[in-house]
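To convert, note that position 109 of the sequence shown is 109 in the UniProt record's numbering; the numbers rise steadily by one, no gaps.
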Amino acid sequence: MVCPAFASSAPLTTGVVPAFVTSADFNNDGNIDLAVTNFTDGTVSVFLGIGDGTFGTQTTFATGTFPNGIISADFNNNGIIDLAVVNQADDTVSILLGNGTGGFGPQTTFATGSNPVELTSADFNEDGNIDLAITNLLGDTISVLLGNGDGTFDPQTTFATGSFPEGVTSADFNNDGNIDLAVTNPGNDSVSIFLGNGDGTFDPQTTFATGTIPQGITSADFNNDGFIDLATPSLIDNTISVLLGNGDGTFDPQATFATGAGPFAVISTDFNCDGILDLAVTNSGDDTVSVLLGNGDGTFGPQTTFATGAFPLGINSADLNNDGAPDLAIANTFSDNVSVLLDDCVRPFTCSDQVLPNDPGICAATVPFPSEQCVNVATSCDPDTVAVGNPTLVTCTAASNLNPANTEVCTFTVTVNDTEPPVFTNLRDIDVEANNSIGTIVTYPDPTVTDNCPGVITTACNPPSGSFFPVGATIVTCVATDTNGNSATGFFTITVFPFEEE
1 MVCPAFASSA PLTTGVVPAF VTSADFNNDG NIDLAVTNFT DGTVSVFLGI
51 GDGTFGTQTT FATGTFPNGI ISADFNNNGI IDLAVVNQAD DTVSILLGNG
101 TGGFGPQTTF ATGSNPVELT SADFNEDGNI DLAITNLLGD TISVLLGNGD
151 GTFDPQTTFA TGSFPEGVTS ADFNNDGNID LAVTNPGNDS VSIFLGNGDG
201 TFDPQTTFAT GTIPQGITSA DFNNDGFIDL ATPSLIDNTI SVLLGNGDGT
251 FDPQATFATG AGPFAVISTD FNCDGILDLA VTNSGDDTVS VLLGNGDGTF
301 GPQTTFATGA FPLGINSADL NNDGAPDLAI ANTFSDNVSV LLDDCVRPFT
351 CSDQVLPNDP GICAATVPFP SEQCVNVATS CDPDTVAVGN PTLVTCTAAS
401 NLNPANTEVC TFTVTVNDTE PPVFTNLRDI DVEANNSIGT IVTYPDPTVT
451 DNCPGVITTA CNPPSGSFFP VGATIVTCVA TDTNGNSATG FFTITVFPFE
501 EE
């Protein structure tokens, strides 16, 4: 089975109308947990992860009215993850400080603009504290609240956006070391770029065209040129727009790629472990999530869709089962649950015949797996070692640890050549006393030679044993050659001392 591939876990029951989801380790047990806003209930549901892709039952915490976007970060610098939730009907953002055991204290609220919907967090004024940027749907503004590092925030500063701003992401778009903002404007089909000054303020917006009614947004380097790019779904067009960054805060015209119906939220990560960023998009109109694999040049392959619950909106990616691969958590607004999709990708691979040198010290070689695989994939080859000699047929298999039926298999030949020379083990210098003043005939034992492969080893020494050696030191050179033509040269010295009369 080719990538992408996901195994569906049991959905998590939430409150009424779950909207957005975030993930982090809320109870410091090393497992990823989830937090989901419940739009109708005025709560956030927290699910503590077991570490195998399953979660405990929800615990709810009160927010404001109609909570929407949610984000997790350490807002009071105590090493414990906190939550920030925008309350669309109250024009506030709620801060819930974590206690490190999976619980959260009562909310503290801070004023935003009118109808806040989504948010991002980063250090906008470079003081080491986390700040917030919040889109205000009816105010056509974005609110920036600078954090004080103790869980409180300064009063908002607003910056004009396009019409009905919704999605927001933060990154350095012009490579000046300051964090910038990108905001989608569904009311005029554009994305606004706000270049940060490093002090918590931002330059006036510059806009770039998107598809029709852009929604969520993500930022990453999709074409590996070192510049941050953007991807935003277009709700009406059933596409996702990718705008490649130029590294100066400007972006090339959009390229579009097909999604499902009513694409809403998007996230980027590497789902097929090829080192290239991919996209996952929730499709609110057909109850699916689309995964588009990146090509590394800013383009993406055709979508592969996976079933979700009813009317999926928010999406988050993290390693939910501790297998090293990124999984998905998706808030399903009309089915009041969260879909958990566990990545069980097995990358397709192409085998080619291999010629290998022997492994050191043995007359064989270990068969290397033909290509890189994901960390949650078991790989094996049969046989796993091949002896020196004629080509041997090898079959390699990659199987998902999560779903062993998801496999890739290929067969190829391996030829192992012996490249290791023989080894001399007892070349020792010899001292001999002559029976005259000229020299003497010296007979010495054949040197001991070993080899990694069986077979006859031919050894020749010069001068050979039984030769006449003159008084003084003579270097003997020995050459050993194995059956595969590998040679080794060794030396020892025969020293002849003149006869001394008593």
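Backbone N, C-alpha and C define an ideal beta-carbon position, used for all residues, glycine too.
In the DSSP output, which residue or residues are listed as bridge partners for residue i?
i	result
residue 114	Its beta-bridge partners do not exist; DSSP assigns none.
residue 408	398
residue 190	185 and 209
residue 18	38
Consult DSSP for residue i and reduce its assignment to one of helix, strand or coil.
i	result
residue 354	strand
residue 6	strand
residue 276	coil
residue 312	strand
residue 284	coil
residue 43	strand
residue 138	coil
residue 67	strand
residue 466	coil
residue 86	strand
residue 290	strand
residue 75	coil
residue 245	strand
residue 346	coil
residue 147	strand
residue 417	strand
residue 126	coil
residue 337	strand
residue 381	strand
residue 180	strand
residue 434	coil
residue 162	coil
Report yes if the CB atom of residue i is closer than 8 Å to the CB atom of residue j, and no otherwise.
i	j	result
residue 189	residue 228	no
residue 307	residue 287	yes
residue 81	residue 47	no
residue 418	residue 484	yes
residue 476	residue 491	yes
residue 350	residue 367	no
residue 112	residue 134	yes
residue 412	residue 394	yes
residue 336	residue 13	yes
residue 72	residue 58	no
residue 100	residue 28	yes
residue 195	residue 223	no
residue 102	residue 33	yes
residue 236	residue 183	no
residue 473	residue 440	no
residue 271	residue 323	no
residue 202	residue 159	yes
residue 64	residue 87	yes
residue 415	residue 383	no
residue 70	residue 37	yes
residue 104	residue 83	yes
So, at 8 Å on beta carbons, what are the nonlocal neighbours of residue i in its own chain, with the 5 sequence-adjacent residues on each side left out?
i	result
residue 333	17, 18, 19, 39, 284, 310, 311, 312 and 313
residue 200	124, 125, 131, 144, 146 and 157
residue 364	358, 385, 386, 387, 388 and 416
Suppose you measure from the CA of residue i to the CA of residue j; what does that come to, to the nearest Å?
i	j	result
residue 346	residue 292	16 Å
residue 55	residue 221	32 Å
residue 120	residue 381	46 Å
residue 362	residue 427	23 Å
residue 151	residue 21	21 Å
residue 330	residue 282	8 Å
residue 177	residue 230	18 Å
residue 507	residue 238	Nothing can be reported for residue 507: it is not among the residues displayed for the chain, which extend from 1 to 502.
residue 211	residue 233	8 Å
residue 497	residue 437	8 Å
residue 275	residue 450	45 Å
residue 355	residue 257	42 Å
residue 240	residue 192	17 Å
residue 389	residue 9	49 Å
residue 338	residue 298	30 Å
residue 198	residue 181	12 Å
residue 92	residue 118	12 Å
residue 154	residue 341	38 Å
residue 247	residue 209	18 Å
residue 321	residue 425	53 Å
residue 95	residue 89	16 Å
Taking only heavy atoms of the ligand FAD into account, decide whether any of them is closer than 7 Å to the Cβ of residue i.
i	result
residue 463	Judged by which ligands are present, the structure shown has none, so any question about the ligand FAD falls away.
Taking 7 Å as the limit between beta carbons, can you name the residues of its chain near residue i, skipping five residues before and five after?
i	result
residue 407	346, 397, 398 and 399
residue 163	140, 185, 187 and 188
Would you please verify whether the beta carbon of residue i is less than 8 Å from any beta carbon of chain E?
i	result
residue 57	Structure shown: chain E not included; a single protein chain is present.
Apart from the five residues just before and just after residue i, which ones in its own chain have a Cβ nearer than 6 Å to its Cβ?
i	result
residue 122	170 and 179
residue 77	149
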